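Undergrad: Take any residue in the sequence shown, note its place counting from 1, add 33, and you have its number in the numbering used here.
For every residue, glycine included, the Cβ atom is placed at its ideal position computed from N, Cα and C.
Keep in mind it's a predicted model, so treat the numbers as computed, not measured.
Dropping a structure here in structure tokens format, bear with me for questions.
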Amino acid sequence: MALLLTGCDLSAIMPTPAQFPTLTSLPSDIPSSTPIPTDTPTATPTRVTPAALGTGLPPSKALAGGSPGELTLLAEWGSGLAQQVAWSPDGAWLGVAASRGVQVYHADTLELATLLLKGQLVRSLVFSPDGARLAAGLDEGVAAVYSLPEGRLVWRARLAAKPLLSLAFSPAGDLLAAGAVDGEVSVWQAGNGEPHQALGRHSGAAQRVAFIRDGAALLSWSQREQPYIWRLQDGKRLDDFYIGANPGGGSAAGLSVSADGALVAAAQGERVRLMRAGDNTTLATIGGFASPVLAQAVSDDGSVIAAAVAGEVQVWSSQPAALLARFPLDVPGDSVHLAVSPDGAQVVVLGDHLQLWTIAEGQALDQTATVYATDFHLAGFLDPVVGNWWNGASDGSLSARDLQTGAPLAGVIPLGIRPAAIVYAPGGGWAALAQGNKIQVWQAQPGEAAALRYTLSGHRLTVTSLAISADERWLASGSTDGTARLWDLASGEAGALLEIGDAVGWVQFSPDGGWLAACAHQRIRLWEVDGGAPVDEFDGYALAFQSGGDVLAVAGFEQGEPVVWLRQVGKAASLASLPVDAYRLAFAPAGDQLLAAGDTLSLFTVPGGQLVSQVALDTPLRAAVFLPGGERVLGAAWDGVLTVYEVP
């Protein structure tokens, strides 16, 4: 049985942020009710110490004889979606920007030294030239500068209206340049965050800023265009820095600049072009890669180049261009990040963990136990028999975690496409992915190669959602063409066609597989699976079925205010109206409690609707479910982080 909780017509309540043309995707359904942080850090809920990855969860209160109380956090597994990795110029620190803050590691041991900006989405980071400060760019356009090693906040200020994708210190360390997702490029006083210069903007996202020509000029780059050169004396934009064209469109797939500002490395298809920043001269072209370059990095002095391609990382010298080492790369998709040590002797690879390689020996020295997501997660699925949790990511991969320890299970399954929707049925090993108006159906088990069984055609427009019935007999699909369809999962033959009329946000089976629910424009419709007869219709954008009964939990709005109704199928009057803002709903296995996840994680009695417990959430959840037995609750976020709570 696969459990999938989803929302309906989320554009009405969860606006989609602009698509950032970076290698790491952003979530597409951040709730609109989540406040945008101000320049003053917002308060976060008090948390117990999370269980360490690989350690077992403590016994439940029911088993241990504990007394009931509030929802209690037992474990938090994962560090979120990796965004950038950087090496401090003195070689002492490695910093990782992720969706749950900045992790600073000792570079020699990969032991965690400090955690900054916990729970906040950090898009970029850079160390000062002396390694004594670290600047982090947040998703809301705020920059924060910390002193090292104590991790003390020096200043925090809003530098742009949109997320900061790139930061750079000047060679003297007195200026901080910023590039934002709306193309804005600006320079600030590094000591206090006061404005220095507003230079202008690109037509696309400013993905790279770097000081060149001994700090007299600033290079800024957007994927759509050639890099710009800004003269800092007067802020005038000079002639563009021509780097050529990328076969996939734009100027390059990625661009790096050495810390001394002398070398520019541009990834263009199956090559990396090396150029001198001072006079726009091409120095060398590293080519012959078997596949397009996914990421590249240069050492501080520009002498060493690291490039990630499908299946491996190659390390080259720049003068002359010569292959130095090759390392295997086991991260699916294009969400890999690289950094070369200041002395050019080591390369750090950030995928689902940090791994440190020595170039001379071509060996991995160490890797962290910290787990990162390599793409944002479209959905989560609980295997109630085995007790594992499956994540379906936007790169088309499936991965599983052991819910007793939080440890990732071996065998990430790459399915090969970036889907608009994904669903997995753990019992039979079926996976279905939607791309455009087509549906691919795979059979996949952990540790085994996935096999494409067939491709379904029938929808005229984009397929937005998928669901598999508990008995794994039926696959349901919803589309922007205003229809929902049923397919025989084993054979791929078409079943019922349900005409809805509006773009379908989600489809969902009842636990027994007898009903199919579909949502369009905050209106939910219910049909019988066998025969396709209509059963019920009501307002709402999220839904949960009580197992073994006809009670529904429905999230919607009442006079403009968010509310969750408890109602029975076919009856207009609600059993209870719960004043809570929720995007994910789940009943306890016994049906006597309801979980509602939005800005808070709330627990209510059923059918009375009394609030039992409520805790604040740092980030929206893709799924919130009761684990088998009903004594614990699992929350799964868009960035792959899992949280486990004890139920009072």
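Quick one: give me the first and last residue of the beta strand (DSSP E) that arginine 655 is part of.
TA: Start and end: 654-659.
Undergrad: Do alanine 657 and alanine 619 count as a contact pair if the criterion is CB distance below 9 Å?
TA: Result yes, Cβ atoms of alanine 619 and alanine 657 sit closer than 9 Å.
Undergrad: Between Pro325, Trp390, Ser368, Gln117, which lies nearest to arginine 16 when the distance is taken from Cα to Cα?
TA: Not covered by the structure: residue 16. The range shown for the chain is 34 to 681.
Undergrad: DSSP three-state call for arginine 246: helix, strand or coil?
TA: Correct three-state label for arginine 246: helix.
Undergrad: Candidates Gln230, Gly283, Ala477, Gly287: which alpha carbon is nearest arginine 264's?
TA: The shortest Cα separation from arginine 264 among Gln230, Gly283, Ala477, Gly287 belongs to Gln230.
Undergrad: May I ask you to verify whether the region 163-176 touches the region 187-202, counting CB pairs closer than 8 Å and requiring at least 3?
TA: Yes, they touch.
Undergrad: Is glycine 237 helix, strand or coil by DSSP?
TA: Coil, per DSSP.
Undergrad: Express the C-alpha separation of glutamine 437 and glycine 668 in angstroms, rounding to a whole number.
TA: Distance between the alpha carbons of glycine 668 and glutamine 437 is about 14 Å.
Undergrad: Have a look at leucine 150 and valine 135 and give me their C-alpha separation to the nearest angstrom.
TA: Going from the Cα of leucine 150 to the Cα of valine 135 covers about 6 Å.
Undergrad: Return yes when the C-beta of valine 297 is under 8 Å from any heavy atom of the ligand ADP, and no when it is not.
TA: In the structure shown, the ligand ADP is absent, as is every other ligand, since no ligand is present at all.
Undergrad: Could you compute how far the alpha carbon of arginine 558 sits from the alpha carbon of tryptophan 539?
TA: Spanning the two alpha carbons is a distance of roughly 11 Å.
Undergrad: What's the C-alpha gap between serine 12 and alanine 551?
TA: Because the chain spans 34 through 681 in this model, residue 12 falls outside it and cannot be assessed.
Undergrad: Threshold first: 3 residues or longer. Then list the beta strand (DSSP E) segments lying entirely within the region 448-522, N to C.
TA: Correct list: 454-458, 463-468, 471-476, 484-490, 496-501, 507-512, 516-521.
Undergrad: Rounded to the nearest angstrom, what separates tryptophan 423 and leucine 644 at their Cα positions?
TA: Going from the Cα of tryptophan 423 to the Cα of leucine 644 covers about 30 Å.
Undergrad: Determine the direct distance from the alpha carbon of proline 417 to that of arginine 234, and round the result to whole angstroms.
TA: Computed Cα separation, rounded: 51 Å.
Undergrad: Please list the segments of the alpha helix (DSSP H) lying wholly inside the region 526-574, counting only runs of 4 or more residues, in order along the chain.
TA: Entirely contained in the region 526-574, not one alpha helix (DSSP H) run reaches 4 residues.
Undergrad: Taking alanine 629 as the reference, give the member of Gln541, Ser646, Leu307 with the closest Cα.
TA: When each option's Cα is compared against that of alanine 629, the closest is Ser646.
Undergrad: Using 8 Å as the Cβ pair cut-off and three pairs as the minimum, do the region 397-405 and the region 375-389 touch?
TA: Yes, the region 397-405 is in contact with the region 375-389.
Undergrad: Just to confirm the assignment: which complete alpha helix (DSSP H) runs, minimum length 4, are found wholly within the region 330-415?
TA: Segments of the alpha helix (DSSP H) lying fully in the region 330-415: there are none.
Undergrad: Measure from the alpha carbon of aspartate 207 to the alpha carbon of each residue in Phe244, Ala239, Gln240, Leu634, then state which is nearest.
TA: It is Phe244.
Undergrad: Which residues does DSSP list as the beta-bridge partners of glutamine 626?
TA: Its beta-bridge partners are Thr638.
Undergrad: Considering just the uninterrupted stretch of the beta strand (DSSP E) at isoleucine 319, what are its terminal residues?
TA: Its beta strand (DSSP E) spans residues 314-319.
Undergrad: Keeping to the same chain, check which residues put their C-beta closer than 6 Å to that of aspartate 215; ignore five residues upstream and five downstream.
TA: So the list reads Lys195, once near-sequence residues are dropped.
Undergrad: Return no unless some Cβ of chain C is closer than 9 Å to the Cβ of serine 543.
TA: This model lacks chain C altogether; it includes just one protein chain.
Undergrad: Taking DSSP's pairing of strands, which residues face valine 305 in a bridge?
TA: BP columns for valine 305 point to Ala300, Ile319.
Undergrad: Hey, could you find the ends of the beta strand (DSSP E) isoleucine 276 is sitting in?
TA: Here isoleucine 276 belongs to no beta strand (DSSP E), and DSSP marks it neither H nor E.
Undergrad: Given glycine 525, which residues of its chain have a CB within under 8 Å of its CB, disregarding the five upstream and five downstream residues?
TA: If we look at glycine 525 and ignore the five residues flanking it on each side, its Cβ neighbours are Val474, Arg486, Tyr487, Leu489.
Undergrad: For aspartate 614 versus proline 595, is the C-beta distance shorter than 9 Å?
TA: In this structure, proline 595 lies closer than 9 Å to aspartate 614 by Cβ.
Undergrad: On the criterion of 16 or more Cβ atoms from any shown chain inside 10 Å, does leucine 271 qualify as buried, or is it exposed?
TA: Exposed.
Undergrad: Locate the beta strand (DSSP E) running through arginine 189, then write down its first and last residues.
TA: Where arginine 189 is concerned, the enclosing beta strand (DSSP E) stretches over 185-191.
Undergrad: Alpha carbon to alpha carbon, what distance is there between threonine 391 and proline 353?
TA: Approximately 20 Å between the Cα atoms of the pair.
Undergrad: Check for me: the beta strand (DSSP E) holding alanine 649 runs from which residue to which?
TA: It spans 644-649 - the beta strand (DSSP E) in which alanine 649 sits, taken as one unbroken run.
Undergrad: Report the rounded CA-to-CA distance for valine 680 versus proline 325, giving the unit in angstroms.
TA: Taking the straight line from one Cα to the other gives about 48 Å.
Undergrad: Return helix, strand or coil for valine 418, following the three-state DSSP convention.
TA: Valine 418 falls in the coil class under three-state DSSP.
Undergrad: Which residues share a DSSP beta bridge with glutamine 601?
TA: For glutamine 601, which the question treats as bridged, DSSP gives the partners Val584.
Undergrad: Can you check DSSP and say which residues form a bridge with proline 441?
TA: Its beta-bridge partners are Arg434.
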